Amino acid sequence: MAATRAYLDYNASAPLIAEARSAMVAALDAANPSSVHSEGRAARRLIEDARRDVARLVNAKPEHVVFTSGATEAASTLLTPDWQMGRGDVRMSHLYVCEADHPCVLGGGRFAAAQVTRIGVDRNGIADLDALTKALAAHDRADGLPLVAIHAANNETGVIQPIGRIAEIVKAARGVLVVDAVQAAGRIPIDMSAGYADYLILSSHKIGGPKGVGAIIAHADLMMPKPLINGGGQEKGHRAGTENLPGIAGFGAAARAALAGLDAMEAVAQCRDEIEAIVRELAPDAEIFGAAAPRLANTTFFAIPGLKAETAQIAFDLAGVALSAGSACSSGKVGPSHVLKAMGYGDSLGALRVSIGHTTGAGEIEAFRPALAAIAARRAGKEQAA
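Numbering-wise (UniProt numbering), the sequence shown opens with residue 1 and increments by one.
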């Protein structure tokens, strides 16, 4: 086993950055931010500072940020038929999602199964915009508004969706657009002020912050979903419960660092390209999924014919390299990728995801090469023996 390990699984969780750790430690002794005394007001300032930093990451207004326990809670809150506008109720009668969405969106949230339509993707993982347009054109507004939810960038392939065009389609249909920006935030520029989406979903631990905290970010505050969690009225009544102050403080610090690091993504892309060159060299028959589409600079998702993902993942782990076989959001289970199935690849079990970040360097690449070389050699030996 390697003496040092190479971590290549940032899309599952990015390592906690030093700034976030420091912010969390500083917030551990803070008072309840709902208290009106001086200590409570000091705690409240920490939350509002973090709210401002998270808003800046996507060029939104701080007052439109609602903190949650993570992206799954944010999705469950937003994906509901029941909304409020002022003192009146607004109904979303149908939800449209993408076949390649993250399970927390694909599951439909609080919508009944009959109220959810799945939009397909092409061979590169790009949503079928013609199908979306037709589905929204057929939507019966007499029952309520259409709600569209889609990922900005896929967590497995890194493929970036044309959110600008999707927003135009949804707006033309007088619908509401929710964008899962969990993987995109901090990796591509996002500008909520330009009508990027009506609502965003963010997660702290994907950008180097702590786990267990995320956010809903609204373009405006005219309409919001009915709360998933009711209680003391925190977060302006949108999400009850005493705020996770250390987590929120760490999230704010991570968002601040992620915004500052956007300009450095070109170096991350170069590192990814080096990894993909190694894959093509050592396994010429490998397929890199979504390579013909716009992708995040940090992600590559590839398959080597005849190689099972769980076998390869264990081999990499024993060689000191941490990567994943698709999403790490199903209790560690390794199985067919629903993303690849949506892209028309069937039930392939051979896909591996490498996802990196700003701290990935030559050492990690040097560890990846011999690990893959050994796996490829074993595969070649088995083929010869057969």
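Virtual Cβ for every residue (Gly too), placed ideally from N, Cα, C.
Predicted model, so just to flag it, every value in this text is computed and none were measured.
- Within 10 angstroms of the beta-carbon of histidine 37 lie fewer than 16 other beta-carbons, which makes it exposed.
- The Cβ atoms of arginine 239 and valine 58 do not sit closer than 8 Å to each other.
- Following the DSSP letters along the chain, one finds glutamine 313 inside the alpha helix (DSSP H) bounded by residues 309-318.
- Lysine 206 sits buried, since 16 or more C-beta atoms from the chains shown fall within 10 Å of its C-beta.
- Under the 8 Å Cβ criterion, the region 291-303 counts as touching the region 269-280, having at least three qualifying pairs.
- Minimum Cα-Cα distance from alanine 292 among the listed residues Ile314, Ile150, Ile126 corresponds to Ile126.
- Note that the C-beta distance between glycine 109 and threonine 80 is below 8 Å.
- Between isoleucine 47 and proline 33, the C-beta spacing is below 8 Å.
- Between the region 196-204 and the region 157-170 there are three or more inter-stretch CB-CB distances shorter than 8 Å, so the stretches are counted as touching.
- In the DSSP secondary-structure assignment, glutamate 287 is bridged to Ala303.
- Fewer than three pairs of CB atoms, one per stretch, sit closer than 8 Å, so the region 231-250 makes no contact with the region 175-186.
- Counted as a single uninterrupted DSSP element, the stretch harbouring glutamine 270 is not any beta strand (DSSP E) but the alpha helix (DSSP H) occupying residues 265-282.
- The beta carbons of alanine 173 and alanine 137 sit closer together than 8 Å.
- Comparing alpha carbon positions, the residue from Ala14, Asn244, Lys134 closest to isoleucine 119 is Lys134.
- Looking only at Gly361, Ala373, Gly357, the smallest Cα-Cα distance to aspartate 9 is reached by Gly357.
- No residue range can be given for histidine 205, since it is assigned to no beta strand (DSSP E) and is classified by DSSP as neither H nor E.
- Using a Cβ distance threshold of 8 Å, glycine 247 and valine 213 count as a contacting pair.
- Counting of Cβ neighbours within 10 angstroms places proline 15 among the exposed residues, the total staying below 16.
- When the five nearest sequence neighbours on each side are left out, the beta carbons in the same chain lying within less than 6 Å of the beta carbon of isoleucine 365 are those of Glu274, in order along the chain.
- Aspartate 263 and isoleucine 217 have their alpha carbons spaced roughly 23 Å apart.
- Within its own chain, the residues whose Cβ lies closer than 7 Å to the Cβ of glutamate 99, once the five positions on either side in sequence are excluded, are Arg118, Ile119, Gly120, Val121, Ala342, listed in chain order.
- Under the DSSP assignment, serine 93 falls in the beta strand (DSSP E) whose first and last residues are 88-98.
- Close CB contacts of serine 203 within its chain, under the 7 Å cut and outside five residues either way in sequence, are with Gly70, Ala71, Val182, Gly214 (chain order).
- For isoleucine 119, the enclosing beta strand (DSSP E) stretches over residues 116-119.
- For the set Val176, Pro189, Arg379, Met224, the Cα lying nearest the Cα of aspartate 285 is the one of Arg379.
- Every unbroken stretch of the beta strand (DSSP E) spanning 3 or more residues and falling wholly within the region 116-186 is given here in chain order: 116-119, 145-151, 176-180.
- Secondary structure at glycine 70: coil, using DSSP grouped into helix, strand and coil.
- The bridge partners DSSP lists for alanine 351 are Ala303.
- Taking a C-beta distance under 8 Å as the contact criterion, valine 105 and alanine 149 qualify as a contact pair.
- DSSP places aspartate 29 outside both helix and strand once states are collapsed to three, so it counts as coil.
- Annotation: arginine 369 to leucine 259 spans about 31 Å, alpha carbon to alpha carbon.
- In the DSSP annotation of this structure, the continuous segment of the alpha helix (DSSP H) that includes aspartate 53 starts and ends at 38-57.
- In the three-state reduction of the DSSP assignment, serine 193 falls in the helix class.
- Selection Ala373, Asp317, Tyr96 evaluated against alanine 6 yields Asp317 as nearest (Cα-Cα).
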